[in-house]
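J.: Quick note: the sequence shown uses the numbering used here, first residue 118, plus one each step.
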Amino acid sequence: MSEQLNEKLSQFIDDELDSQQGLSLLTSVRNDGLLKAKLRRYQIASQAMKSGHYSHVSSDFMDKIHEQVRKEPTYFLPRKKAAVNWRKAGLAIAASVALAAVWLSSKVDKQMHNPFSTAEVVAHGNDASAEEMHARFKGYLEAHDNSLYVNSVQAGHPYARVAGYRQE
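(1) Go ahead and pull the three-state DSSP assignment for Asn202.
(2) Going by Cα to Cα distance, which pick from Thr144, Ser119, Leu156, Ser222 is closest to Ile130?
(3) Check this for me: beta carbons of Tyr159 and Ala165, under 7 Å apart or not?
(4) Quick check on Val186: buried or exposed, where buried means 16 or more other Cβ atoms within 10 Å of its Cβ?
(5) Alpha carbon to alpha carbon, how far is Glu184 from Ser127? Give it in angstroms, no decimals.
(6) Indicate whether Lys125 and Leu142 have their beta-carbon atoms separated by less than 7 Å.
(7) Please classify His251: does DSSP put it in a helix, a strand, or coil?
(8) Please list the terminal residues of the continuous alpha helix (DSSP H) segment that includes Leu126.
(9) Locate the alpha helix (DSSP H) running through Lys108, then write down its first and last residues.
(10) For the alpha helix (DSSP H) containing Ser175, list its first residue and its last residue.
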């Protein structure tokens, strides 16, 4: 059993074990202190053979570092207020003003080129009833009819007149 375990440790260090065997070996190493020390010795030997250098680190080195980190106090200092970058703020305001100027100038140009925009407002402004509008329209037509000025007699007129007809 010990010979197989030594061989598995050597294969683990050389990265020759598959993932399942490596996990089972690591769980057994975690539970056994002697096996952990043997793995550390194998790692040191492997490092010395591969690189030619050896750096000895005590077994409780990592535990000491963790303990020192845990003992350090935690300081909750207030955050500094972020300094206002006036240059960026000025550029943002200038861009906003330029955008507003372009938008307003395009609105004014559209109103200048559309002569019916004011007529539309006038047409919506009169809220007369249909009968009143019909009577006013009829009066307008009668007032501007040519026969009214000539005869001053109101007579029935055809709906359409032929202004000119040329036959070839």
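For every residue, glycine included, the Cβ atom is placed at its ideal position computed from N, Cα and C.
T.: From the atom records:
(1) DSSP places Asn202 in the coil class of the three-state scheme, outside both helix and strand.
(2) Per the C-alpha coordinates, the member of Thr144, Ser119, Leu156, Ser222 positioned closest to Ile130 is Leu156.
(3) No, the pair does not count as a contact, with Cβ atoms beyond the cut-off.
(4) Around the beta carbon of Val186, a 10 Å sphere encloses fewer than 16 other beta carbons of the protein chains shown; the residue is thus reported as exposed.
(5) Taking the straight line joining both Cα atoms gives about 31 Å.
(6) The answer is yes: Cβ separation under 7 Å.
(7) Reduced to three states, the DSSP call for His251 is helix.
(8) Where Leu126 is concerned, the enclosing alpha helix (DSSP H) stretches over 119 to 130.
(9) Residue 108 falls outside the range modelled here, since the chain spans only 118 to 285, and no answer is possible.
(10) According to the DSSP assignment, Ser175 belongs to no alpha helix (DSSP H), since it is labelled neither H nor E.
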